[in-house]
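K.L.:
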Ligand SMILES: NC(=O)c1ccc[n+]([C@@H]2O[C@H](COP(=O)([O-])OP(=O)(O)OC[C@H]3O[C@@H](n4cnc5c(N)ncnc54)[C@H](OP(=O)(O)O)[C@@H]3O)[C@@H](O)[C@H]2O)c1
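In UniProt numbering, the protein residues as written are 1 to 316.
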């Protein structure tokens with residue numbers, strides 16, 4: 001981690017490792033080996049979620065590593081089907097148990113979107129109506145505060161160490177901050193060279209909200225495109241390091257936690273050795289990303305036609 005902070009301090013005084021290992025789209029049968037390799041390499045922060053469908057295998061790899069629990073930072077997320085306040089604690093315990101973690105360092109509301117109940121009247125991962133459309137519970141989607149109150153209860157009881165949000169825009173974050181008894185410790189959002197979130201980064205810094213950058217390499221197929229971007233390739237060549245390391249280092253140097261996923265051992269290692277960038281390279285990344293002409297999110301679901309991020313129509 002040469003020259004970059006290895007952790008950021010949260011308002012509780014706890015230190016969150018600045019580099020985390022992602023587990024989305026890491027298939028069963030692969031994810032355990034990937035997490036084991038990441039832990040051997042030195043990662044101590046693992047980013048998980050119930051909906052990734054792989055928490056049991058991740059948990060087994062963490063357990064087998066033999067690394068003392070207190071040296072690890074484990075995050076999981078509450079899925080959209082379980083925003084009803086009475087479901088929050090059960091889902092927390094399911095993730096904590098599958099991950100064999102005892103407790104979670106951080107539990108996030110995965111999306112500011114709540115699904116309706118399934119056909120059997122029970123919470124479901126993806127409830128569909130008779131035409132096969134996803135059912136969104138619009139009332140609960142707007143009322144993320146009642147879900148947040150149940151999240152706060154997890155901290156009050158000493159169950160979760162920290163709680164936070166994910167995929168919240170500025171308007172929703174401001175609204176939640178004005179009503180929350182416990183501040184969200186982080187907001188986990190997409191941030192990368194083609195979706196740099198300059199406005200959000202500035203706002204978050206001014207309002208003391210730590211951001212976590214997901215899909216920092218572009219995720220899946222877009223990673224190939226982002227890692228081949230001429231600006232990134234040139235800065236990587238000049239410094240004699242892998243392009244991925246430029247993208248990850250840049251996020252930490254901007255003051256964000258960064259989460260990178262790979263199931264490939266050599267890449268897991270490449271990504272781990274982030275380093276402080278030269279001021280001229282950092283400034284070039286800031287400037288060129290701001291001017292990038294084809295900005296678009298990689299992760300942009302529109303469940304039930306919702307404009308989740310309100311990109312089309314900001315509601316101030
Ligand atoms: N809160 C949310 O809604 C949300 C959404 C998305 C992601 N996340 C979290 O953020 C984590 C990271 O984001 P992500 O998984 O979307 O994408 P990412 O980390 O930006 O990119 C992962 C992709 O890049 C490839 N890759 C990794 N290192 C590479 C390297 N050094 N050279 C070339 N290719 C490389 C991986 O391939 P291989 O695996 O085949 O090596 C994979 O296809 C997720 O795993 C998840 O934990 C959260």
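For every residue, glycine included, the Cβ atom is placed at its ideal position computed from N, Cα and C.
Bear in mind that the values here come from a model prediction, so they are computed numbers and not experimental data.
(1) Residue 173 lies in the alpha helix (DSSP H); which residues open and close that run?
(2) Please state if the CB of residue 164 and the CB of residue 189 are separated by a distance shorter than 8 Å.
(3) Taking 7 Å as the cut-off, is the CB of residue 95 close to at least one heavy atom of ligand 1?
(4) Measure from the alpha carbon of residue 106 to the alpha carbon of each residue in 121, 216, 94, 161, then state which is nearest.
(5) Would the C-beta of residue 216 count as close to ligand 1, meaning under 7 Å from any of its heavy atoms?
(6) Here's the rule: buried if 16 or more other CB atoms are within 10 angstroms of the residue's CB, otherwise exposed. What is residue 233?
(7) Whose C-beta lies closer than 6 Å to the C-beta of residue 43 among residues of the same chain, with five residues either side of it excluded?
(8) Restricting to Cα atoms, I'd like to know which of 143, 223, 58 is closest to residue 31.
(9) For residue 275, which of helix, strand or coil comes out of DSSP?
(10) Of the residues 81, 275, 218, which one's Cα is nearest the Cα of residue 117?
(11) Is residue 110 a contact residue of ligand 1, with contact defined as CB to any heavy atom under 7 Å?
(12) Going by C-alpha distance, which of 75, 289, 135 is nearest residue 108?
(13) Would the beta-carbon of residue 19 fall within 8 Å of that of residue 45?
(14) Which residue wins for smallest C-alpha separation from residue 166, given the options 299, 308, 206, 110?
(15) The beta strand (DSSP E) with residue 148 in it runs from where to where?
P.N.:
Reading from the atomic positions:
(1) 170 to 179
(2) no
(3) no
(4) 161
(5) yes
(6) exposed
(7) 21
(8) 58
(9) strand
(10) 81
(11) yes
(12) 75
(13) yes
(14) 110
(15) Where residue 148 is concerned, there is no enclosing beta strand (DSSP E), although the alpha helix (DSSP H) it sits in stretches over 144 to 156.
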